Amino acid sequence: MPFLYVRDEVMEVLISWLKSHESDIANDINDFGELKPVFLELFMEEAQECPR
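In the working numbering, the protein residues as written are 25 to 76.
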């Protein structure tokens, strides 16, 4: 897996979002232990809406 650099502000948004969607995440993990593409798209949409 390649190293991914994430700015502090983005990481804060990611952590907050993951905490608030914890039960959704559990339901959206596929049989291979990866998040379903639809779930990732929802996160990306919400991340775009966050102020920077």
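Think of the CB as a built atom: it goes at the ideal place given N, C-alpha and C, for glycine as much as any other residue.
Bear in mind that the values here come from a model prediction, so they are computed numbers and not experimental data.
Excluding sequence positions up to five away, which residues of its chain have a Cβ less than 8 Å from the Cβ of residue i?
| i | result |
| --- | --- |
| A71 | V34, V37, L38 and W41 |
| N51 | none |
Nearest-angstrom Cα distance between residue i and residue j?
| i | j | result |
| --- | --- | --- |
| E46 | E69 | 17 Å |
| L66 | I49 | 11 Å |
| D32 | K43 | 16 Å |
Residues in its own chain within less than 6 Å of residue i by CB, not counting five upstream and five downstream?
| i | result |
| --- | --- |
| M25 | Residue confidence is low: M25 scores 45 on pLDDT, short of 50, so the model does not pin down where it sits. Its coordinate-derived value is still stated next. Nothing listed; no residue qualifies. |
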